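Enquirer: So the protein lines, in turn, are chains A and B. Going by our numbering, the first sequence opens with residue 50, and the numbers climb by one from there. Going by our numbering, the second sequence opens with residue 326, and the numbers climb by one from there. The structure follows.
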Amino acid sequence: DQQVKQNSPSLSVQEGRISILNCDYTNSMFDYFLWYKKYPAEGPTFLISISSIKDKNEDGRFTVFLNKSAKHLSLHIVPSQPGDSAVYFCAATRDDSWGKLQFGAGTQVVVTP
Amino acid sequence: EAGVTQFPSHSVIEKGQTVTLRCDPISGHDNLYWYRRVMGKEIKFLLHFVKESKQDESGMPNNRFLAERTGGTYSTLKVQPAELEDSGVYFCASSQASGQNTQYFGPGTRLTVL
């Protein structure tokens with residue numbers, strides 16, 4: 050039962066443009082959401098997070114938006130850079146689950162010159 | 326400060342053999358998590374230690390998998406006997422506290438069962 054879904058397995062974007070990654074979830078009990086970035090042969094690296102009491106969180110070029118009514122979140126990267134080429138995982142957790150993360154399948158982002 | 330380390334980075338074994346994966350968390354991190362990613366799918370939770378105690382092992386696939394964290398430091402994950410479907414990348418992560426604290430991931434161990 051996959052409760053976090055990333056329906057786009059890949060995304061290609063030109064350098065300097067905006068990358069928008071989407072994530073949907075089914076469990077309304079999730080109260081904390083995260084994005085991780087993963088390069089080949091490395092482990093996932095934390096990128097940005099958002100609590101369910103907020104609808105937006107921004108950190109430099111990265112902004113995460115949360116729409117609780119739609120059970121949807123998105124990650125915006127502006128402007129996209131070649132170093133952003135990686136797999137991006139959406140993850141969610143519940144406050145009573147001791148940090149157990151539930152991940153989506155990931156979106157491969159390729160930033161082209 | 327050293328990050329989460331995992332050993333080996335890659336293991337190739339035959340069906341029916343035993344393999345033991347090791348994870349060394351960041352020093353001082355009481356929480357240690359094991360996850361697995363199979364065939365490019367989602368990363369799935371396996372279990373969670375708080376110090377040496379298993380807090381949640383709801384994600385362990387079956388009793389062929391055994392995780393330990395003696396002394397609350399490093400952890401091992403043993404698969405015995407290994408089956409073809411156990412192939413995948415096994416990640417370990419650690420955090421200072423549980424809940425909404427950032428989990429730091431190791432580079433993973435790629436397990437291939439032939």
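Using N, Cα and C, we set each Cβ at its ideal position, and we do this for glycine too. Note that the structure is predicted; figures quoted are calculated from it, not measured.
Is B/L372 helix, strand or coil by DSSP?
Expert: Against the second sequence, residue 372 of chain B aligns to sequence position 47. In the structure shown, B/L372 sits in a strand (DSSP, three-state: E or B).
Enquirer: Look at the Cβ atom of A/R110, then the Cβ atom of A/P128, and state whether they are nearer than 8 Å.
Expert: Here residue 110 of chain A refers to the residue found at position 61 when the first sequence is read from its first residue. Here residue 128 of chain A refers to the residue found at position 79 when the first sequence is read from its first residue. Their beta carbons are under 8 Å apart, which means A/R110 touches A/P128 by this criterion.
Enquirer: Cα separation between A/F114 and A/I67?
Expert: Counting from one through the first sequence, the residue named residue 114 of chain A turns up at place 65. Counting from one through the first sequence, the residue named residue 67 of chain A turns up at place 18. Distance between the alpha carbons of A/F114 and A/I67 is about 14 Å.
Enquirer: Run through DSSP, which three-state label would B/G397 get?
Expert: Here residue 397 of chain B is taken as the residue at index 72 of the second sequence, counted from 1. In the structure shown, B/G397 sits in a helix (DSSP, three-state: H, G or I).
Enquirer: Exposed or buried, what is A/D50 when buried is set at 16 or more other beta-carbons lying within 10 Å of its beta-carbon?
Expert: One-based indexing of the first sequence puts residue 50 of chain A at position 1. That one is exposed.
Enquirer: Whose C-alpha, out of B/V404, B/H354 and B/E339, is nearest the C-alpha of B/S423?
Expert: Locating residue 423 of chain B in the second sequence gives position 98, where the first residue counts as 1. B/S423 has its Cα closest to that of B/H354, out of B/V404, B/H354 and B/E339.
Enquirer: Considering only the beta carbon of each residue, do A/E91 and A/V160 sit closer than 8 Å?
Expert: Numbered from 1 along the first sequence, position 42 holds the residue referred to as residue 91 of chain A. Numbered from 1 along the first sequence, position 111 holds the residue referred to as residue 160 of chain A. In this structure, A/E91 lies away from A/V160, with their beta-carbon atoms at least 8 Å apart.
Enquirer: Please classify A/H121 as buried or exposed, where buried requires at least 16 neighbouring CB atoms within 10 angstroms.
Expert: By one-based count along the first sequence, residue 121 of chain A stands at place 72. Exposed, because fewer than 16 other Cβ atoms sit within 10 Å of the Cβ of A/H121.
Enquirer: Taking B/L372 as the reference, which of A/T156, A/G148 and A/A154 has the closest Cα?
Expert: Locating residue 372 of chain B in the second sequence gives position 47, where the first residue counts as 1. Per the Cα distances, A/G148.
Enquirer: Could you tell me which chain B residues have their CB closer than 9 Å to the CB of A/D144, listed as they occur along the chain?
Expert: Taking the first sequence and counting its residues from 1, one reaches residue 144 of chain A at position 95. Within 9 Å Cβ-Cβ: G424 and Q425.
Enquirer: Applying a beta-carbon distance threshold of less than 9 Å, which residues of chain B neighbour A/Y81?
Expert: Locating residue 81 of chain A in the first sequence gives position 32, where the first residue counts as 1. Neighbours of A/Y81 on chain B, chain order: G424 and Q425.
Enquirer: Residues of chain B with CB closer than 7 Å to the CB of A/L150, please, in chain order.
Expert: Sequence index remark: in the first sequence, residue 150 of chain A carries index 101 (1-based). By Cβ distance, chain B contributes F370 and Q428.
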